[in-house]
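Participant: Can you keep this structure in mind? I'll have questions shortly.
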Amino acid sequence: MRILITAPYNEIGRKFIEENLGEVIYEPWKKQGRAYHEDELIKLLAVSNADALITEHDHVTEKVISLNPHLKFIGVCRGTPSNVAVDRANELGIPVFHTPARNAQAVAEMWIATVIGFMRKLIPSRAWLVAKNWGEGAHTSYLQFKGNELANKVVGMVGFGAVGQRVAEMLKPYPCPVKFYDPFIENYDSDYQKTTLEDLFATCDIVSIHLPVNKHTIGMINAELLNSMRKDAIFINTARASVVDRNALIDVVTNNKIAGAILDVFDHEPPDELDYRLITAENVLATPHTAGATFEVEDHHVAILNKQLEAWKETVSLAKA
612 MRILITAPYN
622 EIGRKFIEEN
632 LGEVIYEPWK
642 KQGRAYHEDE
652 LIKLLAVSNA
662 DALITEHDHV
672 TEKVISLNPH
682 LKFIGVCRGT
692 PSNVAVDRAN
702 ELGIPVFHTP
712 ARNAQAVAEM
722 WIATVIGFMR
732 KLIPSRAWLV
742 AKNWGEGAHT
752 SYLQFKGNEL
762 ANKVVGMVGF
772 GAVGQRVAEM
782 LKPYPCPVKF
792 YDPFIENYDS
802 DYQKTTLEDL
812 FATCDIVSIH
822 LPVNKHTIGM
832 INAELLNSMR
842 KDAIFINTAR
852 ASVVDRNALI
862 DVVTNNKIAG
872 AILDVFDHEP
882 PDELDYRLIT
892 AENVLATPHT
902 AGATFEVEDH
912 HVAILNKQLE
922 AWKETVSLAK
932 A
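Right, dumping it as C-alpha cells:
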C-alpha cells in the first residue's frame, strides 16, 4: 500500500505507518503555506499512485474522492472531518478516520490564558505602559487597570465534549463552579451541573461555546440567549463562529450589554467588515483562530490516528482470515 500524507506527521508517526501499512509519500501542505486545493490534491494523488490518504486541511471534495474510489482509507488530522466529503466516501465504502480531542489541551490552556488576560486587562495595561503613560503618582495604573479574579466565577459550557471537559478540569483548583448544556452527555463528574441553555446564559459569569457545526447548531446561539446574559458576563467562542448569530453578538458587545467577549473564530476568515467590528471593539480580546495551534497538537493527532489505523488493520486482517 502507498499512503500519501499531506498532514504534518512526525518522523515517529511516519515510521509506524511504513512498518505497519506500507510506503509513505510525504508532501505536507506546510511546504506551500496553505492547504492543497481540489485540483492540486487530485494531481498529487495521481502522481503518487496513492492507495490511501492522510490529510489535515486539504480540500478533499466529492470530485477528489470520486476520482479515487480505490482509496483504502482517508485519515483526517482534525477534530472533525469537516474538509472531507464524508458522505461520498461512505457511498464508496472508504472509511474516514479523524482525530477528536487532538487539540483539547491546547484550546483549554488558551482558554485559561485569555480569560485571565481579559479579566486582568493585560493587553490595555501593556499598551498604556508601552505608550509611556506612567507619570507621577504610583496609583494611576493600579486604579485604571484593576481587574477581577477568575476564582469563584460561574462558568457555563455550551457543549461539553473533550475541550469543555478539559477546561472544567483546569478550573477546579481556582475553584470555579461549572454548569453545562449538552443533551448528549449522560455520565459526568458530579461536581458539574447539567442545566438548560436558557439557565446557563442567564446565570453564568462566563459563557463559553464548544459546539460543532451541523444543521442543528448553526445560528443556535441567538439574540434572545445573548440578550439574557448578565451585564458583567463574558462571552467566549473558541469553537466555530457560525453557531452564533453574528449581528446579535455585535449588538450585545458594542452596546455594552455584556462585559465583553473573547473570540478566536469569525464568520469569515480572513475577516470581513462586520467581523472587524467585533475584533476592534475595546471590550473584545480577539485571536486569529490560534487556540488549537501548538506544536504538540501535531504529535497528538499522529498518536490518535495511528492508534485508529492499527485497529483498522487488525479488523481488515481478521476479515480476510
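Using this note's numbering, you'd call the opening residue of the sequence shown number 612 and step up by one each time. Cβ coordinates follow ideal geometry from the N, Cα and C atoms, glycine included. The model shown is predicted, which means the values in this text are computed figures rather than measured ones.
Strictly by DSSP, which residues pair up with methionine 831?
Facilitator: Partner(s): none; methionine 831 has no beta bridge.
Participant: Decide if the segment 771-780 is in contact with the segment 740-747; the criterion is three or more beta carbon pairs, one per stretch, under 8 Å apart.
Facilitator: Because the criterion of three Cβ pairs below 8 Å is not met, the segment 771-780 and the segment 740-747 do not touch.
Participant: Less than 6 Å between C-beta atoms, sequence neighbours within five positions excluded: which residues of the same chain meet that for valine 847?
Facilitator: A small correction: the amino acid at residue 847 is isoleucine; valine does not occupy that position in the sequence shown. Excluding positions up to five away in sequence, the list reads Ser819 and Ile873.
Participant: Which same chain residues, not among the five before or five after glycine 686, have their C-beta less than 6 Å away from its C-beta?
Facilitator: So the qualifying residues of the chain are Ile665, Phe708 and Leu916.
Participant: For the beta strand (DSSP E) that contains phenylalanine 846, what are its first and last residues?
Facilitator: It spans 845-848 - the beta strand (DSSP E) in which phenylalanine 846 sits, taken as one unbroken run.
Participant: What are the residues that DSSP puts in a beta bridge with serine 819?
Facilitator: Met768 and Ile847.
Participant: Using the DSSP secondary-structure output, state which residues sit across from isoleucine 665 in a beta bridge.
Facilitator: Ile616 and Gly686.
Participant: Below 8 Å on the Cβ atoms is my contact criterion, and I expect tryptophan 923 with phenylalanine 627 to pass it. Report the Cβ-Cβ distance as a whole number of Å.
Facilitator: Their Cβ separation, rounded to whole angstroms, is 13 Å, which puts tryptophan 923 and phenylalanine 627 out of contact at 8 Å.
Participant: In the DSSP assignment, the beta strand (DSSP E) including glycine 871 goes from what residue to what residue?
Facilitator: That run of the beta strand (DSSP E) goes 871-874.
Participant: If I measure Cβ to Cβ from glycine 767 and keep anything under 6 Å in the same chain, skipping five residues before and after, which residues do I get?
Facilitator: Around glycine 767: Lys790, Leu811, Cys815 and Val818.
Participant: For the segment 789-803 and the segment 829-843, state whether three or more C-beta atom pairs, one from each stretch, are separated by less than 8 Å.
Facilitator: No, they do not touch.
Participant: Who are the Cβ neighbours of glycine 624 in its own chain at under 7 Å, not counting the five residues just before and after it?
Facilitator: Closer than 7 Å at Cβ, skipping near neighbours: Val913 and Asn917.
Participant: Whole angstroms are fine: how far does the CA of threonine 751 sit from the CA of lysine 641?
Facilitator: Each residue's alpha carbon lies about 47 Å from the other.
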